[in-house]
Structure formats: C-alpha cells, structure tokens
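Colleague: Okay, handing you the structure first.
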Amino acid sequence: MSLLKKLKENSSNIKILYVEDDKALLESLSSYLKLIFPYVQTVENGLEGLKKYKEEKFDIVITDIKMPKMDGIKMIEQIRNINVNQEVLITTAFSETDYLTRAIELDVNGYIIKPINFDKLNITLNKVVNRINILFENERYKTKLEEMVEQRTVQNLILEREKIENYEKTLLSLVELVEKRDAYTGGHSQRVAYYSKLIAQYMNFSAKDCNLVYKAGILHDIGKIETPDAVLLNPGKLDNLQFSLIKEHVVTGANLLEKIPMYNELSKIIRQHHERYDGNGYPLGLKEDEVLPLAQIMIVADAFDAMTTNRIYKPRIGLEDALSELSKFSGTQFHPKVAKAAIKVLKNTKFDKNIFQLPSSDMEEKKFAFFFEDQLTSAYNETYLELILVQNKNAEKIKYINLLTFHNFGEYNNKFGWNQGNLFLKKIATILNENYGDSYIFRLKGDDFVVISNSELNLDISIFDDLVAKGGKIVFVKKKSTTTKDIDSLEKLEKFM
C-alpha cells in the first residue's frame with residue numbers, strides 16, 4: 046500500500062487548521078491537504094488562526110511563521126497555553142533560522158521546508174497522524190479503565206492487555222507462517238471465520254460467542270504448523286498415512302491454544318471442528334449434542350468453504366449444489382438446526398472464481414515440481430496431468446491437447462539398452478521444452494508425451510527427425526490434436542489415444 050493511500054485511510058477523523066498569508070501557497074497546499082483529510086480550515090494570519098482555534102477543535106495546526114497581525118510563533122504560544130499537547134507543524138524556509146530556536150522551545154512537532162516537497166510532507170504528516178491515532182486509542186482505553194477501576198487495577202489491566210496483545214501477535218504470526226507454507230489455509234481460514242460468524246449471528250448467539258467462533262475460525266488450522274511439508278505442501282490426493290498425519294493438526298492446534306488461559310474456550314471449539322453429528326468424525330468421535338454448539342457451526346462453515354473453493358484435486362461446486370449437500374448431510378455430518386440456518390444465511394454468498402491452486406509464480410512451480418515432476422525427463426508426470434484435466438473442467442483455462450506417441454520403443458530398448466532409452470526420452474522432453482516451453486509438457490505411459498496449451502499449436506514433427514533417424518528408424522512419431530472441451534480425465538484421454 047502506498048504511503049499516501051495509507052495516510053488517507055488513517056486520517057478519516059483528522060481535522061486540520063492551516064494558517065498561511067501567502068495566498069498562492071495557501072491555495073496550493075490546502076488543495077493538496079483536502080485530498081487527504083476530511084476537514085481542512087484555512088486562514089491568512091496568526092490572529093485569525095488563534096480565533097478559529099478557540100472556536101473549533103483541531104487535531105493538527107499547520108502554520109507559517111512570518112505573517113501580519115500575529116506571527117506563527119506568537120500564535121503557537123497562545124495555542125500551547127490552551128492545549129499543551131496540540132500537534133503543531135510549521136512551514137519554514139532555511140532563511141528563517143532566527144525563528145527556529147523559539148519554535149524548538151515551543152516543542153513544535155515537525156517542520157515543512159519551503160519550497161514544499163510533497164513526498165517529504167507525506168512522511169511528516171504520516172508520523173503525526175500515527176501519533177495522534179495512538180493517542181486517541183490510548184485515551185479511549187485509559188478513560189474506559191479509569192471509569193471502571195482505581196489506578197492500581199488500571200495498571201494491572203494494562204499489563205493484562207499487553208499480555209493479550211502479545212499472545213495474539215504470536216498466534217497471528219504462527220497463522221501467517223502456516224499461510225506461507227500452505228496458500229490454501231490462509232484464505233480458507235478467513236472464509237470459515239466469516240461464514241461461522243454469519244451463521245452464529247443468524248442463530249441469535251451472543252456477540253461474545255459470535256466473536257469467539259470468528260476467532261476460532263481464524264485459528265482453526267493453526268495446528269498445521271506441525272504438519273510435515275511433504276504432507277502439507279502436497280497438492281495431490283493424500284494416501285492413508287498422509288491423511289492420518291494431517292488429521293493431527295486438530296489436536297496440535299487445540300493443545301497449543303489450551304495452554305493459554307484466555308483461549309481455553311476457543312481451543313475446545315477447534316478440537317471439535319472435524320467431529321460429525323453421527324459420531325464418525327475425529328479426533329474424539331463425539332456425536333449429536335456432545336459437540337459444542339459453536340463447533341457445530343464451524344463444522345458446517347468449514348465443509349461449505351471446502352465445497353465451494355477450487356482445490357487442485359477437486360474443482361469447486363456451485364452454490365446451489367453446496368447448499369444441497371448441506372441439506373443432504375443434515376443429521377449425519379451436520380447438526381440439523383445448524384445446517385438449516387446455514388442454508389438460509391449462505392444462500393446469497395458470492396465466490397471468487399479465480400481462486401486456484403495451480404502454480405502462478407516461479408516459486409510455486411518449483412514446489413509443484415517436487416511432487417509432480419517426472420524424475421527422468423523433468424517433464425510433468427501423469428498425476429499432474431490428471432489434476433490439470435480435472436481442474437480445467439470448470440476453469441477452461443487450457444484449451445488444446447497435443448499427443449505425441451513413440452511406437453516400438455520396447456524394440457529400441459532391446460537394441461540399444463535401457464540407458465540409451467532413457468537418454469532418448471530425456472532428449473524428447475528437452476526438444477519439446479526448447480520449442481514449446483510456454484506450454485505444459487507431460488510424460489505419459491512411459492514413452493508418450495502430452496503438450497497442453499491455451500492456444501492451438503501446430504506441432505512440427507520434423508524437430509524429432511534427427512533423433513528418430515539415430516534410432517535406425519525403429520521409432521516413429523504419431524501426432525494427434527484435439528481441444529480439452531470433451532477431455533477432462535485421463536480415462537477420456539486414453540480413449541482419445
């Protein structure tokens with residue numbers, strides 16, 4: 046976020062008094078300030094400035110020094126008598142050094158050097174605005190505490206607040222770490238928190254409980270911090286052992302949070318967010334009303350988001366289908382009352398259809414390569430091909446498939462040996478990558494290759510002529526091409542072959 050945008054967002058309640066006798070500068074700078082601050086009052090000398098200050102309350106006073114009727118220094122002196130903590134900035138030229146000593150004595154909060162550099166002005170204003178906002182927040186907090194308790198208790202509460210803030214910062218840092226390891230978890234957690242709170246509000250839970258289930262949603266996957274990378278980063282389908290390992294995140298997260306007294310209730314919700322109404326969930330196998338009400342809500346929210354978000358191995362389903370699933374599994378996976386409420390409250394949900402787990406950067410490509418790269422040729426393997434086809438069924442981002450089949454490859458291996466056969470396959474992949482590197486290149490069924498692209502390719506088979514000739518004409522190439530419209534699985538691709 047740019048400094049100017051951040052400054053504007055943080056200045057929604059800031060009122061400015063700008064005092065300047067130079068009309069050209071007054072007009073120029075006040076116009077700029079009005080782009081940032083919601084309220085900017087201008088006057089042309091110190092006397093008018095002091096009068097206006099007495100009439101209204103301003104968060105920041107910006108003033109020139111040399112002015113008629115009353116200069117800026119005298120005006121600041123009078124303002125300081127009214128409010129010793131008033132934030133004051135002065136506009137000054139380097140030649141006005143005789144005024145600066147008195148300005149320093151008056152504890153002026155900042156200096157704006159003429160001619161004005163607006164980038165430096167933004168930096169100065171940002172510091173002052175941040176300081177004001179901190180003071181505002183501290184004052185509100187302090188006032189509230191002073192109304193409740195005596196000073197000794199206030200000090201204890203301040204210490205407790207700092208401890209809570211430290212806990213929250215630590216936990217949010219852990220969540221951020223999980224998000225960096227698993228991009229799906231971050232967006233998923235935010236959505237689960239949002240859906241959970243919506244459902245809880247609809248079911249007339251207290252504001253405290255609604256906030257509690259929201260926090261639980263944000264942190265419900267924090268236990269994945271302990272999940273091995275080989276499991277967490279695997280974008281494919283998990284085997285039984287991997288699934289058992291990832292299930293441990295529930296217990297890990299709950300155990301982590303229950304050690305913090307203020308998160309005891311929250312940890313109980315997180316421990317139960319993979320239970321089922323029929324008792325077939327984990328880790329405790331609880332059923333029906335044995336599961337906490339807020340956990341019942343999160344179970345539904347978690348499942349709803351999983352259904353309506355594109356995963357690499359399973360494309361999202363539409364809103365109506367997702368709501369039908371909630372109804373279908375009401376009384377088995379979901380508490381009937383919660384499912385009924387969720388169907389009503391989530392019926393107008395809008396989704397970002399552009400959320401995918403396909404790689405979108407060089408680093409993500411490298412992560413995918415760890416799981417989906419063919420070790421021999423460095424092309425993608427058929428597991429990734431299957432995922433691409435499944436994902437593409439809904440996304441339709443990839444439109445053309447080109448199949449290259451090398452026949453009689455077994456005879457090539459028998460004649461030249463397995464090592465030469467492996468080198469042959471490597472060379473095929475290298476040639477394809479050199480000529481069609483912008484496309485997805487896969488090795489399929491040992492000696493077949495598939496090239497998938499967004500635009501139609503006119504594959505030139507002659508690029509393999511030298512390689513085929515060296516095989517004594519034992520190996521030849523056959524090319525097929527089609528669109529992905531009717532091919533969304535390996536099974537259909539095999540039939541096409």
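So the sequence shown is numbered by the working numbering: it starts at 46 and just counts up by one.
Idealized CB from N, CA, C, for every residue including glycine.
Buried or exposed for lysine 242, please, with buried defined as at least 16 other CB atoms from any protein chain shown within 10 angstroms of its CB.
Modeller: Against the sequence shown, residue 242 aligns to sequence position 197. The residue is buried, with at least 16 neighbouring Cβ atoms inside 10 Å.
Colleague: Please state if the CB of isoleucine 107 and the CB of tyrosine 84 are separated by a distance shorter than 8 angstroms.
Modeller: Taking the sequence shown and counting its residues from 1, the one referred to as residue 84 is at position 39. Taking the sequence shown and counting its residues from 1, the one referred to as residue 107 is at position 62. Not a contact, by the Cβ cut-off of 8 angstroms.
Colleague: I believe valine 276 touches leucine 290 by the beta-carbon criterion, under 8 angstroms. Please report the beta-carbon distance rounded to the nearest angstrom.
Modeller: One-based indexing of the sequence shown puts residue 276 at position 231. One-based indexing of the sequence shown puts residue 290 at position 245. With a Cβ gap of about 5 angstroms, valine 276 and leucine 290 count as contacting.
Colleague: Buried or exposed for leucine 368, going by 16 or more other Cβ atoms inside 10 Å?
Modeller: Counting from 1 along the sequence shown, the entry for residue 368 is found at position 323. Buried, by the Cβ-count rule.
Colleague: From what residue to what residue does the beta strand (DSSP E) around isoleucine 105 run?
Modeller: Translated into the one-based positions of the sequence shown, residue 105 becomes position 60. 105 to 109 is the span of the beta strand (DSSP E), which, as asked, contains isoleucine 105.
Colleague: Thinking just about the alpha-carbon of each residue, which of Glu89, Leu448, Ile105, Leu71 is nearest to the one in lysine 159?
Modeller: Here residue 159 is taken as the residue at index 114 of the sequence shown, counted from 1. That would be Leu71, whose Cα lies nearest to the Cα of lysine 159.
Colleague: Let's see if you can read the secondary structure: which residues bound the alpha helix (DSSP H) around glycine 268?
Modeller: Within the sequence shown, residue 268 is the residue found at index 223, counting from 1. Counting along the chain, glycine 268 falls outside any alpha helix (DSSP H), and DSSP gives it neither H nor E.
Colleague: Note down the Cα distance separating glutamine 317 from tyrosine 425, rounded to an integer number of angstroms.
Modeller: Counting from one through the sequence shown, the residue named residue 317 turns up at place 272. Counting from one through the sequence shown, the residue named residue 425 turns up at place 380. Going by the C-alpha atoms only, they are around 39 angstroms apart.
Colleague: Answer with buried or exposed for isoleucine 168, where buried requires no fewer than 16 other C-beta atoms within 10 angstroms of its C-beta.
Modeller: Residue numbering aside, residue 168 sits at position 123 when the sequence shown is read from its first letter. Counting Cβ neighbours within 10 Å, isoleucine 168 comes out exposed, since fewer than 16 surround it.
Colleague: Measuring straight from C-alpha to C-alpha, what distance separates leucine 489 and tyrosine 457?
Modeller: Here residue 489 corresponds to residue number 444 of the sequence shown, with the count starting at 1. Here residue 457 corresponds to residue number 412 of the sequence shown, with the count starting at 1. Straight-line Cα distance between these residues: approximately 18 angstroms.
Colleague: Per DSSP, which residues does serine 534 bridge with? Please list them.
Modeller: The count along the sequence shown starts at 1 and reaches residue 534 at position 489. Its beta-bridge partners do not exist; DSSP assigns none.
Colleague: Between arginine 176 and isoleucine 124, what straight-line distance do the alpha-carbon atoms span, to the nearest angstrom?
Modeller: Numbered from 1 along the sequence shown, position 131 holds the residue referred to as residue 176. Numbered from 1 along the sequence shown, position 79 holds the residue referred to as residue 124. Using only the alpha carbons, I get a separation of about 19 angstroms.
Colleague: Taking the alpha-carbon positions, what's the lysine 102 to tyrosine 239 distance?
Modeller: Mapped onto the sequence shown, residue 102 falls at position 57. Mapped onto the sequence shown, residue 239 falls at position 194. If you take the alpha carbons of lysine 102 and tyrosine 239, they lie about 39 angstroms apart.
Colleague: Who does leucine 489 pair with in a DSSP beta bridge?
Modeller: Here residue 489 refers to the residue found at position 444 when the sequence shown is read from its first residue. Leucine 489 pairs with Asp493.
Colleague: What does a CB cutoff of less than 6 angstroms around glutamate 536 pick up in its chain, not counting 5 residues either side in sequence?
Modeller: To locate residue 536, count along the sequence shown from 1; it is residue 491. The answer is none, since no qualifying residue turns up.
Colleague: Given this structure, state the Cα-to-Cα distance separating glycine 232 from glutamate 418, to the nearest angstrom.
Modeller: Reading the sequence shown from its first residue, position 187 is the one you call residue 232. Reading the sequence shown from its first residue, position 373 is the one you call residue 418. Between glycine 232 and glutamate 418, the C-alpha separation is close to 27 angstroms.
Colleague: Note down the Cα distance separating phenylalanine 487 from leucine 470, rounded to an integer number of angstroms.
Modeller: Here residue 487 corresponds to residue number 442 of the sequence shown, with the count starting at 1. Here residue 470 corresponds to residue number 425 of the sequence shown, with the count starting at 1. Rounded to the nearest angstrom, the two C-alpha atoms are 12 angstroms apart.
Colleague: Go through its chain and collect everything with a Cβ distance to lysine 518's Cβ below 8 angstroms, but skip five positions before and after it.
Modeller: By one-based count along the sequence shown, residue 518 stands at place 473. Its pLDDT being 49, under 50, lysine 518 is placed unreliably in this model, and the value from its coordinates should be taken loosely. Closer than 8 angstroms at Cβ, skipping near neighbours: no residue.
Colleague: Nearest to arginine 236 by alpha carbon, out of Asp350, Gly94, Tyr308, Leu92?
Modeller: In the sequence shown, residue 236 corresponds to position 191, counting from 1. Among Asp350, Gly94, Tyr308, Leu92, the Cα nearest to that of arginine 236 belongs to Asp350.
Colleague: Kindly indicate which three-state DSSP category glutamate 310 falls into: helix, strand or coil?
Modeller: Here residue 310 corresponds to residue number 265 of the sequence shown, with the count starting at 1. Helix, per DSSP.
Colleague: Report, in whole angstroms, the separation of the C-beta atoms of tyrosine 259 and lysine 389, which I expect to be a contact under 8 angstroms.
Modeller: Residue mapping note: residue 259 aligns to position 214 of the sequence shown, counting from 1. Residue mapping note: residue 389 aligns to position 344 of the sequence shown, counting from 1. Actually they are not in contact, since the Cβ atoms of tyrosine 259 and lysine 389 sit about 19 angstroms apart, beyond 8 angstroms.
Colleague: Let me check understanding here. Comparing Cα to Cα, which of Tyr322, Gly298, Trp463 lies closest to lysine 313?
Modeller: Along the sequence shown, read from residue 1 onward, the residue named residue 313 stands at position 268. Residue Gly298 is the option with its Cα nearest to lysine 313.
Colleague: Rounding to the nearest angstrom, what Cα-Cα distance links glutamine 131 and asparagine 154 in this structure?
Modeller: Here the question's residue 131 lines up with position 86 in the sequence shown. Here the question's residue 154 lines up with position 109 in the sequence shown. Computed Cα separation, rounded: 9 angstroms.
Colleague: Return the CA-CA distance between alanine 340 and glutamate 310, expressed in angstroms with no decimal places.
Modeller: Within the sequence shown, numbered from 1, the residue matching residue 340 stands at position 295. Within the sequence shown, numbered from 1, the residue matching residue 310 stands at position 265. Near 11 angstroms, if we compare the C-alpha coordinates of glutamate 310 and alanine 340.
Colleague: Could you check the C-alpha separation between isoleucine 446 and tyrosine 429 for me, to the nearest Å?
Modeller: For the purposes of this step, residue 446 is identified with residue 401 of the sequence shown, where counting begins at 1. For the purposes of this step, residue 429 is identified with residue 384 of the sequence shown, where counting begins at 1. Straight-line Cα distance between these residues: approximately 14 angstroms.
Colleague: By the 10 Å Cβ neighbour count, where 16 or more other Cβ atoms means buried, how is phenylalanine 163 classified, buried or exposed?
Modeller: If you number the sequence shown from 1, residue 163 lands on position 118. Classification for phenylalanine 163: exposed.
Colleague: Whose C-alpha, out of Leu134, Val173, Lys119, Leu301, is nearest the C-alpha of serine 56?
Modeller: Counting from one through the sequence shown, the residue named residue 56 turns up at place 11. If we check each option's Cα against that of serine 56, Val173 comes out closest.
Colleague: Would you tell me roughly how many angstroms separate the C-alpha atoms of alanine 386 and lysine 392, rounded to the nearest one?
Modeller: In the sequence shown, the residue the question calls residue 386 occupies position 341. In the sequence shown, the residue the question calls residue 392 occupies position 347. Whole-angstrom Cα-Cα distance: 10 angstroms.
Colleague: Indicate the three-state DSSP secondary structure (helix, strand or coil) for glutamine 341 in the structure shown.
Modeller: Within the sequence shown, the letter at position 296 stands for residue 341. Looking at glutamine 341 - three-state DSSP - the assignment turns out to be helix.
Colleague: Leaving out five residues before and five after glycine 363 in sequence, what residues of the same chain have Cβ atoms less than 6 angstroms from its Cβ?
Modeller: The residue you call residue 363 lines up with position 318 of the sequence shown. Answer for glycine 363: no residue qualifies.
Colleague: For the candidate residues Ile342, Glu89, Glu182, whose alpha-carbon lies nearest to that of histidine 319?
Modeller: If you number the sequence shown from 1, residue 319 lands on position 274. Comparing Cα positions, the closest option is Ile342.
Colleague: Under 8 angstroms, do leucine 502 and tyrosine 481 count as touching if we go by C-beta distance?
Modeller: Here residue 502 refers to the residue found at position 457 of the sequence shown. Here residue 481 refers to the residue found at position 436 of the sequence shown. Against a cut-off of 8 angstroms, the Cβ pair of tyrosine 481 and leucine 502 comes out as a contact.
Colleague: Does alanine 138 pass the burial test, meaning 16 or more other C-beta atoms within 10 Å, or should it be called exposed?
Modeller: Numbered from 1 along the sequence shown, position 93 holds the residue referred to as residue 138. That one is exposed.
Colleague: Mark phenylalanine 541 as exposed unless 16 or more other C-beta atoms lie within 10 angstroms of its C-beta, in which case mark it buried.
Modeller: Within the sequence shown, numbered from 1, the residue matching residue 541 stands at position 496. It is exposed - the Cβ of phenylalanine 541 has fewer than 16 other Cβ atoms within 10 Å.
Colleague: In whole angstroms, what separates the C-alpha of phenylalanine 454 from that of tryptophan 463?
Modeller: Looking up residue 454 in the sequence shown gives position 409. Looking up residue 463 in the sequence shown gives position 418. Roughly 10 angstroms separates the two Cα atoms.
Colleague: To which residues does DSSP link valine 64 through a beta bridge?
Modeller: Working through the sequence shown from its first residue, we reach residue 64 at position 19. Valine 64 is bridged to Val88, Thr108.
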